[in-house]
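In our numbering, the protein residues as written are 3 to 753.
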């Protein structure tokens with residue numbers, strides 16, 4: 003409960019408006035419109051290549067218009083968690099969710115470190131409960147969490163005693179020990195050595211568990227529940243691993259593996275999140291919920307207190323649904339996403355609707371339960387008692403008495419703590435059954451919304467389209483840190499899943515277009531979602547633009563202006579490159595990482611996102627449904643030497659791009675071969691006169707080859723760093739077909 007008598011604010015809104023950046027955005031947009039005007043002016047005098055370029059550039063202009071609108075008024079928030087005790091009499095409870103799905107793709111040591119970082123946050127332990135959803139039903143994951151709970155009994159007090167900043171052990175012990183000011187350095191070193199030894203013991207046990215999970219059958223009586231359990235066919239398993247008491251500093255820890263049956267749709271992560279909401283609802287029912295992916299550990303222990311500053315520090319707090327922190331990374335593979343979250347995230351914060359990103363978000367439970375701002379009065383109470391009628395509650399939330407009671411409390415912003423978590427186990431099993439959602443609105447109008455593998459954006463649009471606003475919390479140090487898959491098949495699979503899921507949102511009932519026209523999604527908010535949801539569509543114009551220079555050289559035609567008007571294109575290229583370079587440098591990133599990010603941007607757009615379109619087409623035609631592609635996470639480094647080595651190569655990710663024989667690398671290899679053939683053909687014809695193409699097409703062809711430098715190196719690489727012969731063979735056939743088509747068209751046009 004907040005006390006408004008204090009004059010000290012709990013947060014401040016910080017504006018990042020810049021007239022110079024606005025001028026650059028508008029100038030680039032003006033140049034794009036000028037290029038389109040030039041295209042239209044000479045449309046009748048040119049061939050189909052001119053039209054194709056016009057359509058591509060129209061899409062680029064549309065995208066940059068959205069970017070300009072979204073980034074127009076960026077803001078950030080500065081919170082003051084040290085003032086909470088002056089303004090808030092009692093901090094509200096928070097349920098923390100962690101999701102994992104496969105102990106091989108997501109090693110238990112990763113999940114354990116994330117859970118340990120959550121258990122050790124700076125927040126009253128009796129107000130916290132951590133729920134881990136294991137969609138793989140793995141005894142290895144469960145047993146690893148039991149081991150982690152024992153280690154947490156010494157780890158959490160150690161972190162709070164010495165005010166440890168990084169509370170994921172695998173990252174903390176990579177740095178040399180530094181005694182905090184005012185502490186006994188000798189005692190600290192003794193405690194530090196003890197903790198390090200204990201964590202190394204835990205790590206070795208976790209490695210043994212991961213290597214031989216079948217050896218656990220007789221290790222613990224609780225593991226009997228995992229007998230005859232298969233990842234997609236098993237009953238509900240709910241285990242209270244640790245229950246907090248008034249004398250303990252470790253919050254509740256609960257393991258959940260929802261029921262799965264082959265004939266029931268489980269809705270991937272969205273289904274798991276809805277089960278977490280229901281199980282936590284009948285157990286602790288905290289009014290706020292934090293969820294993180296299993297590989298996104300807490301990097302700032304005050305993150306929940308910072309969120310409470312935003313939730314409780316405003317007179318209009320009943321208008322805000324969640325607080326989102328950006329997903330940042332301790333490796334360099336996520337530079338492009340960091341850039342997006344920093345600049346687009348601040349822009350969306352200025353609009354008042356930063357998106358829910360699926361991890362690092364703290365949400366109001368009553369919002370997830372379907373409440374809209376119109377259902378609340380100024381004091382936060384419900385405006386109508388009809389929402390609490392038992393018939394409505396059972397129809398919406400399911401026919402479980404404990405769930406109905408908890409839903410009624412949740413809608414009113416209350417928690418309903420039990421005398422003990424074990425007393426709620428029977429109800430927890432019921433609400434985690436695979437048929438519980440039948441004839442309810444879970445996943446349809448509230449909860450985590452189904453019908454997209456991008457359940458986070460789908461849910462985010464649903465929330466904002468009801469009229470809710472949201473906060474963006476980007477503290478220093480960052481709230482959460484994770485790792486990205488290295489460049490290669492894993493990264494391509496992740497990018498394909500994102501592109502597919504976002505396109506599903508664009509065309510389903512949660513579409514931002516529908517939200518703007520018929521619901522309460524504002525124009526600028528809708529533009530921000532349109533920009534994100536059209537990522538996959540960008541692959542087609544970019545693919546065309548990568549092939550146009552080569553086609554024109556082979557076809558002896560032009561798609562770029564000549565003479566002084568070519569300066570429009572050159573100015574666009576130079577300004578965009580310098581602009582993106584400034585954005586990287588402004589974030590403290592190197593030029594080398596900027597260049598590597600540019601290369602990967604072309605690869606992911608033309609290679610991974612392209613298959614998102616095919617996935618949607620197949621889904622619309624009813625041929626196949628989209629599939630959630632789980633990304634493999636690498637086990638964290640456990641020595642300083644490993645991290646030093648990673649840091650040495652982090653700036654040269656382009657040299658570490660991994661290939662395999664998957665279809666992801668076929669478009670990029672084909673684009674590279676086509677442009678190389680075009681440049682070779684130009685070199686043979688240089689000085690022979692003629693040539694409908696000009697310096698613009700030649701420069702464009704060279705630029706494409708540079709953009710696919712990762713693939714150029716892959717042509718000559720060995721092992722996993724080389725493009726497989728099968729992919730090169732298929733790409734060669736496609737390149738030959740393209741060259742023959744281009745040359746034949748040229749011959750026909752000359753006749």
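Backbone N, C-alpha and C define an ideal beta-carbon position, used for all residues, glycine too.
query, result
"Could you spell out where the beta strand (DSSP E) holding residue 99 opens and where it closes?", "96-102"
"Between 671, 625, 126 and 658, which has its C-alpha nearest residue 604's C-alpha?", "671"
"Buried or exposed for residue 489, going by 16 or more other Cβ atoms inside 10 Å?", "buried"
"Out of 321, 316 and 305, which one is the CA nearest neighbour of residue 1?", "Past the edges of the chain, shown from 3 to 753, lies residue 1, and the structure says nothing about it."
"Expressed to the nearest angstrom, what Euclidean distance is found between the alpha-carbon atoms of residue 19 and residue 212?", "49 angstroms"
"Quick check on DSSP: helix, strand or coil for residue 424?", "helix"
"State the DSSP-derived secondary structure class of residue 291, mapped to helix, strand or coil.", "strand"
"Could you give the distance in angstroms between the alpha-carbon of residue 743 and the alpha-carbon of residue 439?", "54 angstroms"
"Provide the residue span of the alpha helix (DSSP H) that contains residue 174, from first to last.", "171-174"
"For residue 631, which three-state DSSP category applies?", "coil"
"For residue 122, which residues of its own chain have a beta-carbon under 8 angstroms away from its beta-carbon, when the five flanking residues on both sides are left out?", "154, 157, 158, 161, 162, 166, 169, 300 and 303"
"Which residues in the same chain have their Cβ closer than 7 angstroms to the Cβ of residue 541, if we skip the five residues on either side of it in sequence?", "607, 608, 611, 612 and 615"
"Going along the chain, which residues of its own chain have a beta-carbon closer than 7 angstroms to the beta-carbon of residue 458, five neighbours each way excluded?", "358, 359 and 360"
"For residue 59, count neighbouring C-beta atoms within 10 Å of its own C-beta (all shown protein chains included) and say buried if the count is 16 or more, exposed if not.", "buried"
"Do residue 215 and residue 142 have their C-beta atoms closer together than 8 angstroms?", "yes"
"Please report the distance separating the alpha-carbon of residue 344 from that of residue 288.", "30 angstroms"
"Using a 10 Å radius around the Cβ and a threshold of 16 neighbouring Cβ atoms, would you call residue 232 buried or exposed?", "exposed"
"Candidates 465, 193, 476 and 666: which alpha carbon is nearest residue 512's?", "465"
"Where DSSP assigns a beta bridge to residue 472, which residues make up the other side?", "324"
"DSSP state of residue 578, grouped into three classes?", "helix"
"If you draw a straight line from the C-alpha of residue 425 to the C-alpha of residue 255, how long is it?", "15 angstroms"
"Below 8 angstroms, how does it come out for the stretch 307-318 and the stretch 439-450: are there three or more Cβ pairs, yes or no?", "no"
"Mind reading off the beta-carbon distance from residue 348 to residue 617? Whole number of angstroms is fine, and I expect it under 8 angstroms.", "At roughly 31 angstroms, the Cβ-Cβ gap does not stay under 8 angstroms, so residue 348 and residue 617 are not in contact."
"Could you tell me the alpha carbon to alpha carbon distance between residue 64 and residue 34, rounded to whole angstroms?", "10 angstroms"
"Go through its chain and collect everything with a Cβ distance to residue 196's Cβ below 7 angstroms, but skip five positions before and after it.", "none"
"Under the DSSP definition of a beta bridge, which residues are partnered with residue 331?", "484"
"Span of the beta strand (DSSP E) holding residue 366?", "363-366"
"Quick one: is residue 588 buried, meaning 16 or more other Cβ sit within 10 Å of its Cβ, or exposed?", "exposed"
"Is it buried or exposed for residue 87, if we count other Cβ within 10 angstroms and need 16 for buried?", "exposed"
"What residues match up with residue 132 in a beta bridge as DSSP calls it?", "98 and 255"
"In three-state DSSP terms, what is residue 81?", "strand"
"Which residues does DSSP pair with residue 239 in a beta bridge?", "259"
"Between the C-alpha atoms of residue 269 and residue 46, what's the straight-line distance to the nearest angstrom?", "51 angstroms"
"Enumerate in chain order the residues of its own chain whose CB-to-CB distance from residue 103 is below 7 angstroms, with the five nearest sequence positions on each side excluded.", "137, 138 and 632"
"At the level of alpha carbons, what is the spacing between residue 471 and residue 356?", "8 angstroms"
"Which one or two residues does DSSP pair with residue 15 in a beta bridge?", "79"
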